[in-house]
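In the numbering used here, the protein residues as written are -15 to 177.
Note sheet for the following structure.
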Amino acid sequence: MFVSKAAVAGAGTMGGEIAQVIASAGIPVVLKDIEQEFVDTGLGKATQVTQAQLGGLVKKEKITQEQAEAQAGEILGRITGATDYEGFGDADFVIEAVPEKMEIKQAVFAELDAATPEHAILASNTSALSISEMASATGRPEKVVGFHFFYPASMMRLIEVIAGERTSEDALQATANFAQQIGKTAVRCTEAP
């Protein structure tokens, strides 16, 4: 599966960086949180990371300041902030990046299940919680995976792709392909207590 649009639920530090990574790969992405203040913080993080990356290229004389400004506009123009799930209706791949509390994650996964198309992969950026428990809040546990970015997401190349008890091989392969599409290296892991 080729991802033509992605979405991130949770606009904290990781959510903002994850959205920036996706947008830098040329993919439109919706960055959602429950309050506009949080969305603005995530968009600010994406802007900060983009400016730092492009500023480094300007310092190394790889691109001009004008090119950096144009590229920043293109990258950040691919990120749409939201406080609802309206923009999730045509997303192919969705990443949950909310606080590490199972009850919050399960509530978000139930909302994502209702707001996204049937073909969409639903992923969690968790580093420790059960993918299977999150998947139980959906009607598509075979399409729920772990997709753990290491911090800082914009710099670290590895992503853990974690299978839940019912995650399908197709979903795992699609997730590994998406990691490659955004310039990352997928490492498959199994869920462990």
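Glycine included, C-beta positions come from ideal geometry on N, C-alpha and C.
Using CA atoms only, rank isn't needed, just tell me which of the options is closest to residue i.
i: residue 12; options: 21, 174, -4 and 64; result: 64
i: residue 146; options: 139, 119, 76 and 135; result: 119
i: residue 99; options: 44, 50, 43 and 16; result: 16
i: residue -2; options: 172, 152, -12 and 137; result: 137
i: residue 104; options: 35, 84, 174 and 155; result: 155
i: residue 109; options: 167, 131 and -9; result: 131
i: residue 106; options: 172, -7 and 30; result: -7
i: residue 31; options: 96, 18 and -5; result: -5
i: residue 101; options: 82, 73 and 83; result: 73
i: residue 173; options: 111, 83 and 47; result: 111
i: residue 135; options: 81, 47, 10 and 45; result: 81
i: residue 8; options: 45, -11 and 62; result: 62
May I have the straight-line CA-CA distance separating residue i from residue j, to the nearest angstrom?
i: residue 54; j: residue 124; result: 40 angstroms
i: residue 71; j: residue 153; result: 27 angstroms
i: residue 18; j: residue 43; result: 38 angstroms
i: residue 165; j: residue 21; result: 30 angstroms
i: residue 36; j: residue 97; result: 35 angstroms
i: residue 47; j: residue 29; result: 22 angstroms
i: residue 84; j: residue 45; result: 41 angstroms
Identify whether residue i lies in helix, strand or coil by the three-state DSSP scheme.
i: residue 144; result: strand
i: residue 174; result: strand
i: residue 155; result: helix
i: residue 113; result: coil
i: residue 10; result: coil
i: residue 133; result: strand
i: residue 203; result: For the chain, the structure presents residues -15 to 177; residue 203 sits outside this window and is missing.
i: residue 25; result: helix
i: residue 77; result: strand
i: residue 128; result: strand
i: residue 42; result: helix
Below 8 angstroms between beta carbons: does that hold for residue i and residue j?
i: residue 128; j: residue 143; result: no
i: residue 86; j: residue 113; result: yes
i: residue 52; j: residue 60; result: no
i: residue 176; j: residue 169; result: no
i: residue 56; j: residue 27; result: no
i: residue 121; j: residue -9; result: no
i: residue 0; j: residue 34; result: no
i: residue 67; j: residue 23; result: yes
i: residue 117; j: residue 150; result: no
i: residue 133; j: residue -13; result: no
i: residue -15; j: residue 158; result: yes
The ligand COA heavy atoms versus the CB of residue i: any closer than 7 angstroms?
i: residue 34; result: As for the ligand COA, it is missing from this structure, which has no ligand bound.
Report task. Flag this pair as touching only if the stretch -2 to 6 and the stretch 89 to 104 have three or more C-beta atom pairs under 8 angstroms; answer yes or no. Result -> No, they do not touch.
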